[in-house]
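Shown next, in structure tokens, is the structure this report addresses.
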Amino acid sequence: MKRFFNNMKKYYKYAIRSAKAELKSEVADSYLNWLWWVIEPFCFMLIYTFVFGFVFPNNELYFASFVMVGQAAWDFFNRMITGSVKLIINNRDLVTKVYIPKYILLFSKSLTYLFKMFISLGLAFGLMLFQHVPLTWHILLLIPVLLVLYVISFGVGMILMHHGVTFNDLGNLTNIALRMVFYLSGIFYNIRTRLSGTLGFILLRANPIAFLMNEARKVCIYGQLPSFEGLAFWLAIGILLCSYGVHVIHKYENSYAKVI
Amino acid sequence: MTKYSTKKNTNKEIAVTVKDLHITYRGLKKTSIRASWKHLGDKVELFHALKGVSFEIEEGKILGIIGKNGSGKSTMLRAIAGIFSPDKGSIDLHGRSISLLSIGVGFNKKLTGRENIYLSGMLLGFSEEEIAKKEKEIIDFADIGDFIKKPVKTYSSGMYSKLAFAITAILETDIMLIDEVLSVGDVKFKEKSYNKMKELISDDTRTVIIVSHSLGTIKELCDEVLWLNDGVVKMIGKPEDVIPKYEEFMKQ
Chain A
1 MKRFFNNMKK YYKYAIRSAK AELKSEVADS YLNWLWWVIE PFCFMLIYTF VFGFVFPNNE
61 LYFASFVMVG QAAWDFFNRM ITGSVKLIIN NRDLVTKVYI PKYILLFSKS LTYLFKMFIS
121 LGLAFGLMLF QHVPLTWHIL LLIPVLLVLY VISFGVGMIL MHHGVTFNDL GNLTNIALRM
181 VFYLSGIFYN IRTRLSGTLG FILLRANPIA FLMNEARKVC IYGQLPSFEG LAFWLAIGIL
241 LCSYGVHVIH KYENSYAKVI
Chain B
1001 MTKYSTKKNT NKEIAVTVKD LHITYRGLKK TSIRASWKHL GDKVELFHAL KGVSFEIEEG
1061 KILGIIGKNG SGKSTMLRAI AGIFSPDKGS IDLHGRSISL LSIGVGFNKK LTGRENIYLS
1121 GMLLGFSEEE IAKKEKEIID FADIGDFIKK PVKTYSSGMY SKLAFAITAI LETDIMLIDE
1181 VLSVGDVKFK EKSYNKMKEL ISDDTRTVII VSHSLGTIKE LCDEVLWLND GVVKMIGKPE
1241 DVIPKYEEFM KQ
């Protein structure tokens, strides 16, 4: 772990610069430029709100904000997972020419995803104001919720990044898994009210994304305290995943260049 | 031909120590569900790229590595640069900084040349401040005019390699590893880059390892030559001793 922190200290500036560079290059040659970062999540929110608010009506309070908060958290997780699987192979040029601790690549990517998540959250707050959601101080507790989300995503990301190097089908498998988690996390429905039986009980406890999404909505929209035991539990799991990921990468990262 | 000669320094330090270096390509073998189904029970194929190579280089010396294709030259260079880890044996750089001279590492083609100087430089292990200090020198050396402010994707291939070369050549490290001596760009820049390369290589404190198929270059630049054959050291010594033997061997 000490090596991890030393490397982080040594390379975080590069990670930040490279993240900025990637964001810049993403908007470098599109007509609406950075506006896409706002338009895209907003339009997805409109679609979900239309389909699951009118086509399949529900009586969820402040439904648009409800969707937007969930979607912000989901998009971050989804991008981390999808992005990490092919990360090493996509950076082939770099990995075969120079030594860099491989989690720095993931860290740098995660910064661009964080940036996009904060845009989505900004939109969510705008929407909450628009819908007159009563704002309370509880919203500050979103920070620990997001922290746990980050730690878990980073841990899972590192492990997938490692296996993505040698295991070609991993991308297909994660796609299926992600689709499942997507529908079982309650982005556009409330697990607590829709699945009130044992299934809902299990989902909210066994699926960290469903749990964290639910906690994020509790603090943002309903002005409630999050479940601190739950957060502590998933933080511990996240840290375990991260330590395992770091360990595996330290052990194998020097062989990646031989394989890709 | 100008022959490079080191000043005789009695207490030369050792810059690189390679001891019993083994490198095997295996371990992480690519698999997919289908492939692992078909090859269930197959033996893992091993390829020994290097089989126990040992040598030392004194500070300031220039070592040339020769050998036929697939003899492990580039593998060894990458191992010394830290991109691979040895499967057995050790590489000791005695605390020196090292870089593998390679062109355009970490370039992002949609960004300007100037931004890419920083991206590439930081990947090579330099801090923002160090690069800022050398930025002007790099831009001057690359000599691509106003294009430095334009995205790299608008560059001609010559301009691209000029900038990339300038970055690696101006940001110097204690030990330089060179896979084929580069000369890039148009005739004028080719000469300039070759001369710069020679200047970098002949610096008295810089240790250099060159892999090349051009025996002329090796003869001209190197103090010592290491001949690799199928992953083992066939011969190591002065260029005038090793190269004739190598030429003879290759004719067979």
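From first to last, the protein sequence lines are chains A and B.
Take the first sequence: its position 45, counted from the start at 1, is 45 in this note's numbering, and no numbers get skipped.
Take the second sequence: its position 109, counted from the start at 1, is 1109 in this note's numbering, and no numbers get skipped.
The beta-carbon is built from N, C-alpha and C at its ideal position, and this holds for glycine as well.
Give me the chain A residues within the contact set of residue i, using Cβ-Cβ distance strictly less than 9 Å, ordered along the chain.
i              : result
residue 1105/B : 93, 94, 97, 98
residue 1194/B : What residue 1194/B touches in chain A: nothing, since even the nearest Cβ is about 22 Å away.
residue 1155/B : Under the 9 Å cutoff, chain A gives no residues; its nearest Cβ is about 15 Å from residue 1155/B.
So which of the options has the shortest CA-CA distance to residue i?
i              : options                        : result
residue 1063/B : 1118/B, 1097/B, 1015/B         : 1015/B
residue 188/A  : 223/A, 217/A, 199/A            : 217/A
residue 1082/B : 1177/B, 1126/B, 1136/B         : 1177/B
residue 182/A  : 7/A, 45/A, 75/A, 25/A          : 75/A
residue 237/A  : 206/A, 165/A, 38/A             : 206/A
residue 19/A   : 1106/B, 1231/B, 1205/B, 1047/B : 1106/B
residue 41/A   : 60/A, 180/A, 115/A             : 115/A
residue 109/A  : 96/A, 126/A, 90/A              : 90/A
residue 158/A  : 94/A, 54/A, 84/A               : 84/A
residue 178/A  : 35/A, 208/A, 69/A, 194/A       : 208/A
residue 21/A   : 1109/B, 1133/B, 1128/B         : 1109/B
residue 92/A   : 1221/B, 1104/B, 1251/B, 1210/B : 1104/B
residue 1022/B : 1171/B, 1086/B, 1222/B         : 1086/B
residue 80/A   : 96/A, 3/A, 150/A               : 150/A
residue 95/A   : 1097/B, 1093/B, 1079/B         : 1079/B
residue 240/A  : 156/A, 37/A, 225/A             : 156/A
residue 70/A   : 224/A, 185/A, 193/A            : 185/A
residue 1093/B : 1190/B, 1024/B, 1209/B         : 1209/B
residue 1115/B : 1046/B, 1136/B, 1102/B         : 1136/B
residue 1091/B : 1077/B, 1101/B, 1046/B         : 1077/B
residue 245/A  : 39/A, 10/A, 134/A, 152/A       : 152/A
Closer than 7 Å by beta-carbon distance: list the chain A residues that pair up with residue i, in chain order.
i              : result
residue 1082/B : 99
residue 1111/B : 21, 24, 25
residue 1128/B : 13
residue 1115/B : 21
residue 1246/B : What residue 1246/B touches in chain A: nothing, since even the nearest Cβ is about 27 Å away.
residue 1025/B : 258
Hey, residue i and residue j are a contact pair by Cβ (cut 8 Å); roughly how many whole angstroms apart?
i              : j              : result
residue 1089/B : residue 1163/B : With 8 Å as the limit, residue 1089/B and residue 1163/B do not qualify as a contact, their Cβ atoms being about 37 Å apart.
residue 191/A  : residue 204/A  : 6 Å
residue 72/A   : residue 49/A   : Actually they do not touch by this definition, with Cβ atoms about 14 Å apart.
residue 62/A   : residue 131/A  : 5 Å
residue 1169/B : residue 1147/B : About 18 Å separates the two Cβ atoms, so there is no contact after all.
residue 161/A  : residue 106/A  : 6 Å
residue 215/A  : residue 227/A  : 6 Å
residue 1179/B : residue 1097/B : That pair is no contact at about 18 Å.
residue 102/A  : residue 88/A   : 6 Å
residue 219/A  : residue 139/A  : 6 Å
residue 1118/B : residue 1131/B : 6 Å
residue 1024/B : residue 1049/B : 7 Å
residue 1171/B : residue 1134/B : 6 Å
residue 1238/B : residue 1224/B : 7 Å
Can you list the residues of chain B that residue i reaches, using a CB-CB cut of under 9 Å?
i            : result
residue 18/A : 1106, 1108, 1119, 1122, 1123
residue 58/A : Within 9 Å Cβ-Cβ: nothing; residue 58/A doesn't reach chain B, min ~39 Å.
List, in order along the chain, the chain B residues whose C-beta lies closer than 7 Å to that of residue i?
i            : result
residue 14/A : 1122, 1123
residue 33/A : Within chain B, no residue comes near residue 33/A; the closest Cβ sits about 13 Å away, beyond 7 Å.
residue 6/A  : Within chain B, no residue comes near residue 6/A; the closest Cβ sits about 14 Å away, beyond 7 Å.
Going along chain B in order, which residues have a C-beta closer than 8 Å to the C-beta of residue i?
i             : result
residue 257/A : 1078, 1083, 1084
residue 28/A  : 1110, 1111, 1151
residue 90/A  : Within chain B, no residue comes near residue 90/A; the closest Cβ sits about 13 Å away, beyond 8 Å.
residue 214/A : Correct list: empty, because the minimum Cβ distance to chain B is about 34 Å.
I want to verify the contact list: residues of chain A whose CB lies under 8 Å from the CB of residue i, in sequence order.
i              : result
residue 1102/B : 97, 98
Please determine whether the Cβ atom of residue i lies at a distance below 7 Å from any heavy atom of the ligand MG.
i             : result
residue 123/A : Inclusion of the ligand MG in the displayed structure is not the case, the ligand content being empty and no account of it being possible.
To test your reading of the DSSP string, which unbroken alpha helix (DSSP H) runs of 4 or more residues are found completely within the region 91–122 of chain A? DSSP runs (the alpha helix (DSSP H)) wholly in the region 91–122 of chain A: 92–95.
Across the region 1046–1058 of chain B and the region 1185–1205 of chain B, are there enough close Cβ pairs to call them in contact, namely three or more that are closer than 8 Å? no
Please list the segments of the alpha helix (DSSP H) lying wholly inside the region 1136–1213 of chain B, counting only runs of 4 or more residues, in order along the chain. 1157–1170, 1187–1202
Evaluate the contact criterion for the region 76–88 of chain A versus the region 112–120 of chain A: three or more CB pairs, one atom per stretch, below 8 Å. With a cut-off of 8 Å, the region 112–120 of chain A and the region 76–88 of chain A count as touching, because enough Cβ pairs lie within range.
Does the contact criterion of 3 or more C-beta pairs under 8 Å hold for the region 1063–1075 of chain B versus the region 1224–1234 of chain B? yes
Considering only residues of the region 1071–1139 of chain B, which uninterrupted beta strand (DSSP E) runs meet the minimum length of 3 residues and lie entirely inside it, listed in chain order? 1088–1092, 1098–1101
Okay, do the region 159–173 of chain A and the region 243–260 of chain A touch, 3+ Cβ pairs below 8 Å being the bar? Contact holds between the region 159–173 of chain A and the region 243–260 of chain A, because three or more Cβ pairs, one in each stretch, are under 8 Å apart.
For the region 171–186 of chain A against the region 244–255 of chain A, do three or more pairs of beta-carbon atoms, one drawn from each stretch, fall closer than 8 Å, so that the two count as touching? no
Contained alpha helix (DSSP H) runs [length at least 4] in the region 138–183 of chain A, N- to C-terminal order: For the region 138–183 of chain A, whole alpha helix (DSSP H) runs of length 4 or above, ordered along the chain, are 142–166.
Does the region 1204–1214 of chain B come into contact with the region 1238–1251 of chain B, if we say contact requires no fewer than three beta-carbon pairs (one atom in each stretch) closer than 8 Å? With a cut-off of 8 Å, the region 1238–1251 of chain B and the region 1204–1214 of chain B do not count as touching, because too few Cβ pairs lie within range.
Does the region 1113–1125 of chain B touch the region 12–28 of chain A, meaning 3 or more C-beta pairs lie closer than 8 Å? yes
To test your reading of the DSSP string, which unbroken alpha helix (DSSP H) runs of 4 or more residues are found completely within the region 190–258 of chain A? Within the region 190–258 of chain A, the complete alpha helix (DSSP H) runs of at least 4 residues are 191–194, 198–206, 208–220.
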